[in-house]
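*Asks:* Right, I'll just put the structure down here and ask away after.
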């Protein structure tokens with residue numbers, strides 16, 4: 135996973151124009167820097183993040 139992937143996931147979760155009506159924020163100033171993620175790509179990134187977190191636990 136790259137920094138770009140993580141930024142794209144974050145932006146897609148926060149911006150309604152990318153993430154849809156269930157996005158975290160109703161409105162954000164400025165333009166988007168990302169393209170919408172496919173649901174498959176978002177799931178893949180979340181899986182990687184979750185696995186890395188679990189592996190880091192003592």
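Numbering (the numbering used here), first residue to last: 135 to 192. Note that the Cβ used here is the ideal one computed from N, Cα and C, for glycine as well.
Under the assumption that residue 148 contacts residue 176 (Cβ atoms under 8 Å), give the Cβ distance between them as a whole number of angstroms.
*Replies:* In fact, because the Cβ distance is near 13 Å, the residues do not count as touching under 8 Å.
*Asks:* Below 8 Å on the Cβ atoms is my guess for residue 179 versus residue 143; work out the distance and round it to an integer in Å.
*Replies:* Contact holds; Cβ gap of about 5 Å.
*Asks:* Output the boundary residues of the alpha helix (DSSP H) element that contains residue 85.
*Replies:* Examination of residue 85 is not possible in this model, given that the chain is present from 135 through 192 alone.
*Asks:* In terms of residues, what are the limits of the alpha helix (DSSP H) holding residue 179?
*Replies:* Residue 179 -> alpha helix (DSSP H) spans 173 to 190.
*Asks:* Short check: CB of residue 135 to CB of residue 188, under 9 Å?
*Replies:* No; because the gap between Cβ atoms is not below 9 Å, this pair is not in contact.
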